[in-house]
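Since the structure comes first, as structure tokens, the remarks are kept for the end.
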Ligand code: NDP
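Residue numbers (UniProt numbering): 11 to 346.
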């Protein structure tokens, strides 16, 4: 059983060498009466929150840190090989928390979702049809309270979550602009995902001028993925009664001391609602989400770009690549 082992707590930027690929000789099976499920992992997900689990910390309502010397864990798509749980049987496809290894024993299978629709790429269940898709859906529709015709800005817009927020907002009838870190990503935003405009934040000397160029009358909704300087500048450009959905702050994850946030007075002056959220609070909406999105995929109304790393050996590089923007679209690791 090939595994990706977490070597020890990380400070600063994570490196490939913070993980190592090893072969385990332990034979896995479902212990009698345990209620567990043995799975063969097919696809593993690289997600920014995994960086937070690489340090020794307990953020309230966040997942535990990884355990040094053990395989890292994360979202994956897997096939059931052996089941001790009444809800799952051999051959079922599932998505949920699993190990970065070829085979995993899932001890709390209730946390997994059974995959009922396999006529789409199965890797979508760690992206478009999985946690990131639900994040975009719940974040936009439940937290942003959008209205037709409003102006929407999304940072890290070409990523797993951002590309979907933009497409949901466009389908809903909003004016949508995204920022991303390369020309290739900006082209995707404009030409594949149908954003009204996009810019490369790494090439804009003056972020405030870039936002004023794209939003001469201001921003109604900001879908926040990055934090830091971008947030400080967006705060200067919000419209009256605007909303900021705080989804993530990837620019802060490698810092020992988070940067300060400036310009918060604008929340008062513009009566802006700024609200953080966690996708796990919205999983009860998953059936409704599938009902909405599956037809949109089949009708070609939604595009999804994935960045595929082949093999567990490529997992560590793929994961740390998120923090330099190496991934173009949803970063997936193919195990089998
Ligand atoms: P992405 O697929 O967007 O990958 C991360 C991207 O972030 C990189 O490709 C890079 O794109 C950008 N990035 C990396 N470092 C920086 C930096 N220092 N400053 C600005 N941008 C940076 O990730 P996801 O779509 O999966 O996640 C997006 C955000 O959503 C993250 O903050 C994540 O933590 C959050 N999230 C929150 C959830 C919740 O429940 N609240 C659930 C899921 C995700 P670029 O080249 O454009 O810089």
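Don't be surprised by glycine CBs; every beta carbon is placed ideally from N, CA and C. Computed from a predicted model, the values in this text were never measured in an experiment.
Check                                                                                                                                                   : Outcome
Between the C-alpha atoms of residue 231 and residue 247, what's the straight-line distance to the nearest angstrom?                                    : 10 angstroms
Would you decide whether residue 271 is buried or exposed? Buried here means 16 or more other CB atoms lie within 10 Å of its CB.                       : exposed
Any chance you could list the alpha helix (DSSP H) runs of at least 4 consecutive residues sitting entirely within the segment 148-178, in chain order? : none
Is the number of C-beta pairs between the segment 59-76 and the segment 33-42 that are closer than 8 angstroms three or more?                           : no
Which stretch, first to last residue, makes up the alpha helix (DSSP H) that contains residue 278?                                                      : 275-279
Nearest CA to the CA of residue 212: which residue from 36, 228, 193, 287?                                                                              : 193
When the Cα atoms are used, what is the spatial distance from residue 166 to residue 110?                                                               : 25 angstroms
State the Cα-Cα distance for the pair residue 56 and residue 251, rounded to the nearest angstrom.                                                      : 35 angstroms
Among the candidates 337, 156, 284, 324, whose CA atom is the shortest distance from the CA of residue 27?                                              : 324
Are there any heavy atoms of ligand 1 lying less than 7 angstroms away from the beta-carbon of residue 197, as far as the coordinates show?             : no
What distance in whole Å lies between the Cβ atoms of residue 303 and residue 143, which are believed to be in contact at a cut-off of 8 angstroms?     : 7 angstroms
Where does the unbroken alpha helix (DSSP H) through residue 307 begin, and where does it stop?                                                         : 296-308
What's the gap between the Cα of residue 263 and the Cα of residue 328?                                                                                 : 17 angstroms
By DSSP, does residue 86 sit in helix, in strand, or in coil?                                                                                           : strand
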